[in-house]
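Note sheet for the following structure.
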Amino acid sequence: MPFLYNLFMKISKNDIDIKQTLECGQIFRYIPIKGGYEVYSLDKYCTIKECNDCYVLESDDENYFYNFFALNDDYNAYLNTLRANEKLKNCIPSSPTIRILKQDPFEMIISFIISANNNIPRIKGIISRLCLKLGVNAAFPTVNAFASQSVDFYKSVGLGYRAPYILDTAKKIASGEFDINYVYKLSTEDAKKYLMTLPGVGPKVADCILLFGYNRFDVFPVDTWVKKIYLDLFNEEVSPIKMRENLLREFGDLSGIAQQYLFNAKRNY
DNA sequence: AGCCAGGCCCATT
DNA sequence: AATGGGCATGGC
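Using numbering that gives the first Met the number 0, the first residue of the first sequence is number 0, and each one after it goes up by one.
Put into C-alpha cells, the structure is as follows:
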C-alpha cells in the first residue's frame with residue numbers, strides 16, 4: 000500500500016451546497032459517509048467533509064475536483080439572471096447551492112442510458128456493480144471494457160431490456176462509428192440529434208448528457224418530475240415536446256441550471 | 001401487492 | 001409529426 004500525502008482544499012459554504020449538488024440526480028457515484036461524502040468520477044476519487052463554515056476536500060487530484068465541482072464558474076451571475084424570472088424567484092437562493100458538475104461525457108452517456116425509466120437507488124446500484132466488475136480498481140470502465148462484454152453480462156447486473164443499448168452504444172463508440180469529441184464541434188441542436196443516434200439515447204437522455212457531460216446549459220431535460228412541475232408553472236397541459244420548447248423559450252441559455260433548481264425544489268417539495 | 005422510476009423503441013396513424 | 005403499447009427490474 001503506497002503512502003500518499005493527502006492534499007486538502009477548503010471550500011466556502013457560500014459557494015456550493017454539497018448535499019444538494021450531489022443529491023439532485025446529476026451524479027450516481029457518491030457515497031454518504033460520516034460528516035460528508037465520497038465522490039467518484041472516472042478513475043478519480045475524493046472525500047468532501049463539512050466543517051464549521053466550509054467543506055474540506057481531500058483528493059490526490061484536488062485540481063480535478065475543483066473543476067469537477069464547477070468552482071471556477073461564476074454562479075452568482077447565473078443566479079442573478081434567473082432570479083429575475085417570475086417563475087423561478089421562489090426557487091433561487093441567495094448564494095449558489097447547486098452547481099452543474101463537470102462530468103465525463105462517456106460516463107454520462109452510459110449512466111443516463113441506464114437512468115431511463117429507472118429509479119435513482121437502482122441506477123446507483125447498477126453503475127456500482129459495473130465499476131466493480133469492469134473497472135480497474137473500481138474506476139468507471141473504459142469504452143473497450145464495455146464493448147467487449149455480452150448482453151447476458153449486462154442482464155446479470157440488472158440492466159434488463161437496457162442491456163443491448165449499453166452494449167451496442169459502447170460498440171459504436173469503441174469502433175469509432177460514433178465520435179464523442181465530435182459533439183464539441185456541433186451546435187446544441189445538432190449535438191442532440193447526433194447523440195440520439197446512439198441506442199437507448201432519446202430526447203431526455205440526450206439533454207442530460209449535454210447538460211452534465213458537455214456543460215451545455217441551453218437544454219431542458221423533460222422527465223416525469225418536470226411534467227409535474229410544468230403544470231404548476233404554466234397552468235396548461237401540453238405534450239412533452241411543447242413543454243421543452245416553452246421551457247427553453249422561458250429560460251434560454253440558462254435552462255439547464257433552471258431545470259436543476261426546479262427539479263430539486265420539487266423533489267424536496 | 002401494486003405503482004412507479006431523471007424514457008426509449010417501434011408500430012400505427 | 002404525433003401518439004400509444006410494451007418493456008426488465010426492484011425500491012418503496
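Ideal Cβ positions, reconstructed from N, Cα and C, are used throughout, including at glycine.
Asked: CB residue 95 to CB residue 78, shorter than 8 Å?; Found: yes
Asked: In whole angstroms, what is the alpha-carbon distance linking residue 236 and residue 226?; Found: 9 Å
Asked: Rounded to whole angstroms, what is the Cα-Cα separation between residue 243 and residue 34?; Found: 38 Å
Asked: Tell me, to the nearest whole angstrom, how far the beta carbon of residue 260 is from that of residue 87; I am working on the premise that it is less than 8 Å.; Found: 7 Å
Asked: With contact counted as at least three CB pairs below 8 Å, one residue from each stretch, are the region 181-191 and the region 202-210 in contact?; Found: yes
Asked: The alpha helix (DSSP H) spanning residue 61 covers which residue range?; Found: 61-67
Asked: If you draw a straight line from the alpha carbon of residue 126 to that of residue 145, how long is it in whole angstroms?; Found: 12 Å
Asked: When DSSP labels each residue in this structure, what does residue 46 get in the three-state scheme?; Found: strand
Asked: Beta-carbon within less than 8 Å of residue 136's beta-carbon, same chain only, minus the 5 sequence neighbours each way: which residues are those?; Found: 42
Asked: For residue 31, does the count of other Cβ atoms within 10 angstroms reach 16, so buried, or fall short, so exposed?; Found: exposed
Asked: Whole-angstrom Cβ separation of residue 186 and residue 219, contact assumed at under 8 Å?; Found: Incorrect: roughly 16 Å between the Cβ atoms, too far for contact.
Asked: Do residue 221 and residue 198 have their beta-carbon atoms positioned less than 8 Å apart in this structure?; Found: no
Asked: To which residues of the same chain is residue 250 closer than 6 Å at the C-beta, ignoring the five residues directly before and after it?; Found: 257
Asked: Give the secondary structure of residue 244 by DSSP, where H, G and I count as helix, E and B as strand, and everything else as coil.; Found: helix
Asked: Between the C-alpha atoms of residue 194 and residue 51, what's the straight-line distance to the nearest angstrom?; Found: 43 Å
Asked: Answer with buried or exposed for residue 205, where buried requires no fewer than 16 other C-beta atoms within 10 angstroms of its C-beta.; Found: buried
Asked: Look at the Cβ atom of residue 67, then the Cβ atom of residue 123, and state whether they are nearer than 8 Å.; Found: no
Asked: Select from 15, 76, 72 and 89 the residue whose C-alpha is nearest the C-alpha of residue 270.; Found: Here the chain has residues from 0 to 268 only, and residue 270 is not among them.
Asked: According to DSSP, is residue 207 helix, strand or coil?; Found: helix
Asked: Using CA coordinates, which residue listed in 157, 246, 167 and 36 is at the minimum distance from residue 148?; Found: 167
Asked: Cα separation between residue 48 and residue 138?; Found: 22 Å
Asked: How many Å lie between residue 99 and residue 252 at the Cα?; Found: 14 Å
Asked: By DSSP, does residue 90 sit in helix, in strand, or in coil?; Found: coil
Asked: Quick one: what does DSSP say residue 219 is sitting in, helix, strand or coil?; Found: coil
Asked: Classify residue 23 as helix, strand or coil using the three-state DSSP reduction.; Found: coil
Asked: Check this for me: beta carbons of residue 200 and residue 91, under 8 Å apart or not?; Found: no
Asked: Rounded to the nearest angstrom, what separates residue 158 and residue 17 at their Cα positions?; Found: 29 Å
Asked: Could you name the residues that DSSP lists as bridge partners for residue 183?; Found: BP columns for residue 183 are empty, so no partner.
Asked: Bridge partners of residue 8, per DSSP?; Found: 56
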